[in-house]
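2 protein chains.
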Amino acid sequence: MRSKFAWLRPHGQPWKRGADRTVFESAWIQVTDQVAIAPTGRPAKYGMVGFKNLAIAILPIHEDGSITLVGQYRFPLGDYSWELPEGGSPVDEHPLDGARRELAEETGLAAAEWREVMRTQLSNSVTDERMIGYLATGLSEAQGGHAPDETEAIALARVPFREALEAAMTGRIQDMLTVAMLLKGYHMAREGALAGALARAMLE
Amino acid sequence: MRSKFAWLRPHGQPWKRGADRTVFESAWIQVTDQVAIAPTGRPAKYGMVGFKNLAIAILPIHEDGSITLVGQYRFPLGDYSWELPEGGSPVDEHPLDGARRELAEETGLAAAEWREVMRTQLSNSVTDERMIGYLATGLSEAQGGHAPDETEAIALARVPFREALEAAMTGRIQDMLTVAMLLKGYHMAREGALAGALARAMLE
Chain D
1 MRSKFAWLRP
11 HGQPWKRGAD
21 RTVFESAWIQ
31 VTDQVAIAPT
41 GRPAKYGMVG
51 FKNLAIAILP
61 IHEDGSITLV
71 GQYRFPLGDY
81 SWELPEGGSP
91 VDEHPLDGAR
101 RELAEETGLA
111 AAEWREVMRT
121 QLSNSVTDER
131 MIGYLATGLS
141 EAQGGHAPDE
151 TEAIALARVP
161 FREALEAAMT
171 GRIQDMLTVA
181 MLLKGYHMAR
191 EGALAGALAR
201 AMLE
Chain P
205 MRSKFAWLRP
215 HGQPWKRGAD
225 RTVFESAWIQ
235 VTDQVAIAPT
245 GRPAKYGMVG
255 FKNLAIAILP
265 IHEDGSITLV
275 GQYRFPLGDY
285 SWELPEGGSP
295 VDEHPLDGAR
305 RELAEETGLA
315 AAEWREVMRT
325 QLSNSVTDER
335 MIGYLATGLS
345 EAQGGHAPDE
355 TEAIALARVP
365 FREALEAAMT
375 GRIQDMLTVA
385 MLLKGYHMAR
395 EGALAGALAR
405 AMLE
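Chains as they are written, first to last, in my numbering: chain D, 1 to 204; chain P, 205 to 408.
This is the structure in structure tokens:
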């Protein structure tokens, strides 16, 4: 019998890294221009974007199957974007501490239960950015409450899970962390990974 | 009665953009350092990564419910990554032409039916990178076949959809485009958006 996941094994040679030079640095990223040898043996130059923070996304689900979303203008694409609470966690911080902080700052909520439900690489041909996604339940008002950063003007909306998912499936929500985490919530609700009453409230 | 999606409306002021300066450019990205005014009125500097290509991901589903994945070493994180066929499409190309080309180059497959199933922003606080995801069915061998780029050493695997999804849900596959598109395929199969026989083959 074929061994499950045997196909996941690596093939061939990894990239070899040569000298690198930092060409830009900000509080969030460090861009380097690197000399490299491709797995095919071909020499290459690689402009790589290193991220200083781990991206964190939180899917905060209320008992009635609704979720809390945040709305804000995003600089790079210039559009208004409704998203899950998200933020950056520095490498020396435990990601869960970052998740608690971002949830409180952006939504004024605290969660009694946290589950890590996703780890992904966001754009792995050009950046080293990684994300962790948490599901937060047992929600209540956080002490201190809503306290966005100085450049953040954040709106809040509490909406049925299915309506947020529909907004994502029809292109009204385009933030990838949000789209992927809503689909993950759907998968968990469908596959019995959530309490039955909560799953029913989310899917109905 | 509350109007559906009324909560999606924008609030407040957009970012204002001032002078920008290109600090790095490669075949794939252009990094700019920009002066900006935040929605809160606070002045800010914004280091932004502009992408020259649209990212494309293809979920190629065979009649028996299996899918074709590609494996390769990725430079930025240094790991071996099993993913959907993916690539970049220049702005002057129709994304579907890019998708046909990438599918043929990476897997040697052609598809009779193409459906656009996802449009997202990949890291919208730092980059302007966008992606389009296609579902490809009616698969056959492409004329010309497998023809990777000079820096690509690509392995192929044809695996049951559910096994690929399980690999993604357990962290064995971490590429975000792949994780999100596998979850999208699951959602479509569950919600009646695919032909019944195909959906059953994917979910069994």
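Cβ coordinates follow ideal geometry from the N, Cα and C atoms, glycine included.
Remember, predicted model here, so these are calculated numbers, not experimental data.
- V126 (chain D) carries a coil assignment under DSSP once its states are collapsed to helix, strand and coil.
- For Q325 (chain P), the CB contacts under 6 Å within the same chain, skipping 5 residues up- and downstream, are R334 in chain order.
- Every alpha helix (DSSP H) of 4 residues or more that sits fully in the stretch 155-182 of chain D is shown, in chain order, as 161-169.
- The contact set of Y338 (chain P) on chain D, defined by CB atoms closer than 8 Å, is empty, because the minimum CB distance reaches about 14 Å.
- H187 (chain D) is positioned such that its CB atom lies closer than 7 Å to that of Y390 (chain P).
- Counting every other CB atom within 10 Å of its CB across the protein chains shown gives D301 (chain P) a total below 16, marking it as exposed.
- In this structure I132 (chain D) is not in contact with E106 (chain D), their Cβ atoms being roughly 16 Å apart against a cut-off of 8 Å.
- Near chain P, meaning a CB-to-CB distance below 9 Å, the residues of the stretch 12-24 of chain D are G12, Q13, P14, W15, R17, V23 and F24.
- Residue burial is scored here from C-beta neighbours: A195 (chain D) has fewer than 16 other C-beta atoms within 10 angstroms and is therefore classed as exposed.
- Around Y80 (chain D), the same chain offers Y73 as residues with beta carbons nearer than 6 Å, after the five sequence neighbours per side are excluded.
- The beta-bridge partner set that DSSP reports for F51 (chain D) consists of D:I29.
- Counting only runs of 4 or more residues that sit fully inside the stretch 58-126 of chain D, the alpha helix (DSSP H) segments are 95-107, in chain order.
- Here S327 (chain P) is buried: its Cβ has 16 or more other Cβ atoms, across all protein chains shown, within 10 Å.
- DSSP places G400 (chain P) inside the alpha helix (DSSP H), whose first and last residues are G400 to L407.
- Sequence-ordered contacts of the stretch 118-129 of chain D with chain P read M118, R119, T120, Q121, L122, S123, N124, S125, V126, T127, D128 and E129 [C-beta pairs closer than 9 Å].
- Between I173 (chain D) and W82 (chain D) a beta carbon distance of about 6 Å is seen, short of the 8 Å cut, so the two are scored as contacting.
- Under the three-state reduction of DSSP, K249 (chain P) is assigned to strand.
- Rounded to whole angstroms, the gap between the alpha carbons of A403 (chain P) and E317 (chain P) is 16 Å.
- The alpha-carbon separation between T355 (chain P) and W15 (chain D) amounts to approximately 10 Å.
- Cβ proximity to chain D below 7 Å picks out nothing from the stretch 290-318 of chain P.
- Here the stretch 26-46 of chain D makes no contact with the stretch 254-262 of chain P; the two share fewer than three CB pairs at distances below 8 Å.
- About 5 Å separates the beta carbons of R119 (chain D) and G375 (chain P), which is inside the 8 Å limit, making them a contact pair.
- Excluding five sequence positions before and after A248 (chain P), the CB atoms of its chain that fall closer than 6 Å to its own CB belong to A240 and A242, given in chain order.
- No Cβ-Cβ contact shorter than 7 Å links A142 (chain D) with A180 (chain D).
- F24 (chain D) and H298 (chain P) have their C-alpha atoms spaced approximately 32 Å apart.
- Inclusion of Q30 (chain D) and T22 (chain D) in the CB contact set at 7 Å is warranted, their separation being smaller than that value.
- Spanning the alpha carbons of A157 (chain D) and R213 (chain P) requires a straight line of approximately 10 Å.
- For D33 (chain D), the C-beta contacts it makes with chain P under 8 Å involve F228 and S230, in order along the chain.
- For E345 (chain P), the nearest beta carbon of chain D is not closer than 7 Å to its own beta carbon.
- With a threshold of 7 Å between beta carbons, G47 (chain D) makes contact with chain P.
- Relative to the Cα of M176 (chain D), the nearest Cα in the group D:A6, D:A189, D:A27 and D:I58 belongs to D:I58.
- P264 (chain P) is not a Cβ neighbour of L369 (chain P), given a cutoff of 7 Å.
- Here DSSP, grouped into helix, strand and coil, assigns A357 (chain P) to coil.
- Separation of the CB atoms of H62 (chain D) and G108 (chain D) is rounded to 13 Å, and the pair is thereby denied contact status at 8 Å.
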